[in-house]
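Residue numbers (my numbering): 144 to 311. In what follows, a single structure is set out as structure tokens and then discussed.
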């Protein structure tokens, strides 16, 4: 069995675990990475539950924020928001995510839930720009279309690297 849980990424002078936006996860959050520019990556291992609002986190910090929900190390739901660039959602390891959706038998497809890789890359470029990082869409598309190698968490951290937030 793989990992189930959240990674929370934002820029703040205060520890993210102290912010009201993450009230649902204050107990159990652990700092994983601090990166230049005040970026923080926190982990919250959990197979269920609501840790808080990424939109509220972006508003509270005044900077873009991003959640990655890892599902059994197979795939990752990526939710992002910026105070100016707005919110968007996509996923990593699309084939595995499609399998989870098929298992639900609700008749909805991957495209009903998540932006296509090229559209997600465009939104991610705007998100990164708001964060103060100039990035190109093609390296983002590469990550957004990749399969896990072997863990979906690796794709998530590669995405953070391509966004200019947390270098590998």
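Built from N, CA and C at the ideal position, the CB exists for glycine as well. Small disclaimer: the values here were computed from a predicted structure and weren't measured.
| Check | Outcome |
| --- | --- |
| Assess, as a yes-or-no matter, whether the stretch 176 to 192 is touched by the stretch 218 to 235 under the definition of 3 or more beta carbon pairs within less than 8 Å. | no |
| Using C-beta distances below 6 Å, list every residue in its chain close to residue 228, excluding the 5 sequence neighbours before and after it, in chain order. | 269, 270 and 273 |
| On a CA-only basis, which of 281, 174, 290 and 179 is nearest residue 149? Give me that one, please. | 174 |
| Using a threshold of 8 Å, state whether the C-beta atoms of residue 195 and residue 171 are closer than that. | no |
| Name the DSSP beta bridge partners of residue 149, please? | 187 and 212 |
| Where residue 233 and residue 263 are concerned, what is the direct C-alpha to C-alpha distance, given to the nearest angstrom? | 6 Å |
| Check whether the Cβ atoms of residue 244 and residue 252 lie closer than 8 Å to each other. | yes |
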